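Asks: Handing you this structure, nothing more for now.
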Amino acid sequence: MQITVLVDNSPGNSTQQLCNEHGLSLFIEYNGVKILCDMGATELFAGNARELGIDISAVDFAFLSHGHNDHSGGLLAIPNITDRPVYMHSNVAEYGFFSSRRGEKRDIGTDRNVLNCLGKQIIYLDGSYELVPGIFAIQCREGNHARPYGNRFLTKSNGATEQPDDFVHELSLSFITPDGLVIVSPCSHCGALNIIEAATKITGCNRIAAFIGGLHFIDSDVCIDEVSSFAREMNRLFPDTIVYTGHCTCDKAKRVLEKELKRVRFFNTCSVIEVTEHGK
Ligand SMILES: [Fe+2]
Ligand SMILES: [Fe+2]
């Protein structure tokens, strides 16, 4: 199983002409199945894929992890790339999403015109499903662990009422591999530990080989404590799991993770994650 980061917040160190942006897009290859997981904020992911020699028109399906436009903005490029299914939660279309983190309220939702244009190509999921053998879409509805502090600046609105975002619109991907479960969770708004627990319940697989994604640890007053307590819990509950993170894991959080989380690696634009190296 291999994951190529088509777009991330951080530039890669490749000699290729790759651009970065605030957003995430991953190209996943698993047992011959090709998946485009999130599309970043713009069409940049498609240009980077071309530069890397990846034919994204060969994907079996695309998957949107949640309704924020740093993951869904690139959806507008999809009709020119593929007519394969695009999976997402129905709340992505039913709600507007907003951030008030940097003072004034910003619309960070998914463009309805783009969703209308994709029409029947979109398959809405309202729960957890095995999409193809060994690959699960996971919805996390509960959990005893903390959700990221950064969620408190985020709201959703159905047009009539606005409320704190409960992240019903968030889905993760889980893959059964010989090394255990590989979880891909681009923003982890439901909390990485809660998502891991949901994935173990739904798949029945308790061994977690890798957790890959942003952890939504934003630069804040509580960042160091929040990240330390996550590292402590990961070390205690899942000591063998490798956490690969980037995107919405801020630099301050990365420094804490580097010191305190036993098995952590960082990705950026054009990183290639060979998940099968686990266990070597
Ligand atoms: Fe994000
Ligand atoms: Fe997000």
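Using my numbering, the letters of the sequence shown correspond one by one to residues 1177 to 1456. For every residue, glycine included, the Cβ atom is placed at its ideal position computed from N, Cα and C. This one's a predicted model, so the numbers in the text were calculated from it and none came from an experiment.
Below 8 Å CB to CB, which residues in the same chain sit around glycine 1188 once its five sequence neighbours on both sides are set aside?
Replies: Taken in chain order, the residues that qualify are Val1181, Leu1194, Asn1196, Asn1444, Thr1445, Cys1446, Ser1447.
Asks: Shorter than 7 Å, the distance from the beta carbon of cysteine 1213 to the closest heavy atom of ligand 2, or not?
Replies: No, the beta carbon of cysteine 1213 sits no closer than 7 Å to any heavy atom of ligand 2.
Asks: Near lysine 1332, what residues of its chain come up, given a Cβ to Cβ distance below 6 Å and the 5 sequence neighbours on each side ignored?
Replies: Taken in chain order, the residues that qualify are Tyr1271, Phe1273, Asp1341.
Asks: What residue range does the alpha helix (DSSP H) around threonine 1445 cover?
Replies: Where threonine 1445 is concerned, there is no enclosing alpha helix (DSSP H), given that its DSSP letter is neither H nor E.
Asks: What whole-angstrom Cβ distance do threonine 1353 and glycine 1389 have, given they're in contact under 8 Å?
Replies: Actually they are not in contact, since the Cβ atoms of threonine 1353 and glycine 1389 sit about 16 Å apart, beyond 8 Å.
Asks: Does the Cβ of cysteine 1366 lie closer than 7 Å to at least one heavy atom of ligand 1?
Replies: Flag unset: Cβ of cysteine 1366 not near ligand 1.
Asks: For a test of the three-state rule: what should DSSP assign to aspartate 1236, helix, strand or coil?
Replies: Here aspartate 1236 sits in coil by DSSP.
Asks: Is it a yes or a no for the stretch 1205-1212 touching the stretch 1362-1379, going by three-plus beta-carbon pairs under 8 Å?
Replies: Output reads no: the stretch 1362-1379 does not touch the stretch 1205-1212.
Asks: Mind checking which residues open and close the beta strand (DSSP E) that includes glycine 1356?
Replies: Taken as a continuous stretch (DSSP letters only), the beta strand (DSSP E) holding glycine 1356 covers 1356-1360.
Asks: Using the Cα positions of glutamine 1178 and alanine 1336, report the straight-line distance between them to the nearest angstrom.
Replies: Approximately 43 Å, taken between the alpha carbons.
Asks: Is it true that the stretch 1306-1321 meets the stretch 1275-1286, where meeting means three or more beta-carbon pairs spaced less than 8 Å apart?
Replies: No: fewer than three Cβ pairs fall under 8 Å.
Asks: So, for alanine 1374: in the same chain, excluding its five sequence neighbours on each side, which residues have a beta-carbon less than 6 Å away from its beta-carbon?
Replies: Answer for alanine 1374: Ile1314, Cys1316, listed in chain order.
Asks: Please determine whether the Cβ atom of cysteine 1316 lies at a distance below 7 Å from any heavy atom of ligand 2.
Replies: No, Cβ of cysteine 1316 sits at least 7 Å from all heavy atoms of ligand 2.
Asks: Just grab the DSSP bridge partners of glycine 1272 for me.
Replies: Beta-bridge pairing links glycine 1272 to Ser1333.
Asks: Quick check: the Cα distance between valine 1432 and leucine 1200, rounded to an integer number of angstroms?
Replies: Their Cα atoms are separated by approximately 22 Å.
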